[in-house]
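Chemist: For reference, the structure I am asking about is given below.
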Amino acid sequence: MNKILEMRGVRKSFGSVRALRGVDFSLDRGEITALLGDNGAGKSTLIKIISGLYAPDEGDVEINGVRVTRFSVARARALGVEAVYQDRALGVSQPLWRNLFAGRHVKTRFGLIDAKREREAAAEIISRLGLSGAGISPDTPAGLLSGGERQGLAIGRAMYFKAGVVILDEPTTALAVSESEKVLDFMRMLKSEGRSVVVITHTIEHAYRVADRFVILSHGKVFGEWRKDELTEHDLFARLMEAER
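If you read the sequence shown in the numbering used here, its first letter stands for residue 21, the second for the next number, and so on.
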């Protein structure tokens, strides 16, 4: 089975607003899929269903071959889904190791936070991300990190918890060019490790550079989907403009 995620006929409404109108969406293992569309197209609702924040009103969702019947963040994480949202909320005065394990601390057999093991794990993550050369350590306050490094920290957290599906919501928004490049490299790293990535972005250049497949949503429906070898970046932009009419 090559699909790590399959969604069929997914519908979701909020009062009179129909956010998703029968969406079919899938994700291959080791693939980066860019989820594109105008504001209000349904992208955020879709990823929040995948990550367990919302339950669909109708439709089927399968993750790793398991049909999801109970939707929660904890359940999604148990099935290997991690989401990194646009706000990248971090405790800026807290050291990196505490941020990495916030809400999911490693405990000793006495139920206390195992700071030693968490620091060691944080050092390993920082090294894997290539950030240790920048003078970053587990005890570095999160507020000293650049935007790209903060995004990397969140991605490293997903890697540590062995996520098979990583959702990135506008990961390069408000970042300088050099910082955006770091984030694109982090996405490529996830793919090289066999993880699947869903990325929402309004930056078509970034989407085209890293994604294997593009899915455009429009008014709560799938407008179309294409693999990278089926269209140029200019074609993708034209499809997006057509969907937004």
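All residues carry an ideal CB built from backbone N, CA and C; glycine is no exception. In this text, all values refer to a predicted model and were calculated from it rather than measured experimentally.
Given this structure, state the Cα-to-Cα distance separating V37 from G131, to the nearest angstrom.
Modeler: So the two alpha carbons sit approximately 45 Å from each other.
Chemist: Given this structure, state the Cα-to-Cα distance separating A178 from A103, to the nearest angstrom.
Modeler: Each residue's Cα considered, the two are about 8 Å apart.
Chemist: Using a Cβ-Cβ cutoff of less than 8 Å, which residues in the same chain neighbour V43 once the five nearest sequence positions on both sides are dropped?
Modeler: Counting only Cβ-Cβ distances below 8 Å, and skipping sequence neighbours, we find M27, G29, V30, R31, G62, L66, G79, L237, G240, K241 and V242.
Chemist: Which stretch, first to last residue, makes up the alpha helix (DSSP H) that contains I146?
Modeler: Its alpha helix (DSSP H) spans residues A135 to R148.
Chemist: Out of curiosity, what's the CA-to-CA distance linking K248 and L120?
Modeler: Computed Cα separation, rounded: 34 Å.
Chemist: Along the chain, where does the alpha helix (DSSP H) that runs through A154 open and close?
Modeler: From DSSP, A154 is part of no alpha helix (DSSP H); its letter is neither H nor E.
Chemist: I need the boundaries of the beta strand (DSSP E) containing L237, first residue and last residue.
Modeler: Unbroken beta strand (DSSP E) run through L237: R233 to S238.
Chemist: With 16 other CB atoms within 10 Å as the buried threshold, where does F181 fall?
Modeler: Flag for F181 reads exposed.
Chemist: Between the C-alpha atoms of R129 and E138, what's the straight-line distance to the nearest angstrom?
Modeler: If I take the Cα positions, the gap works out to 14 Å.
Chemist: Are the CB atoms of Y228 and E262 nearer to each other than 8 Å?
Modeler: Cβ distance not < 8 Å, so Y228 and E262 don't count as in contact.
Chemist: Distance check for G184 and V81, CA to CA, integer angstroms please.
Modeler: Rounded to whole angstroms, V81 to G184 spans 16 Å at the Cα level.
Chemist: Assign D189 to one of three DSSP states: helix, strand, or coil.
Modeler: D189: strand per DSSP, three-state reduction.
Chemist: Does the separation of the CB atoms of E51 and D255 fall below 8 Å?
Modeler: Contact flag unset, no.
Chemist: With H, G and I counted as helix, E and B as strand and the rest as coil, what does DSSP make of L55?
Modeler: DSSP places L55 in strand when its eight states are reduced to three.
Chemist: Taking DSSP as the reference, what is the three-state secondary structure of K182?
Modeler: Of the three classes helix, strand and coil, the one that applies to K182 here is coil, per DSSP.
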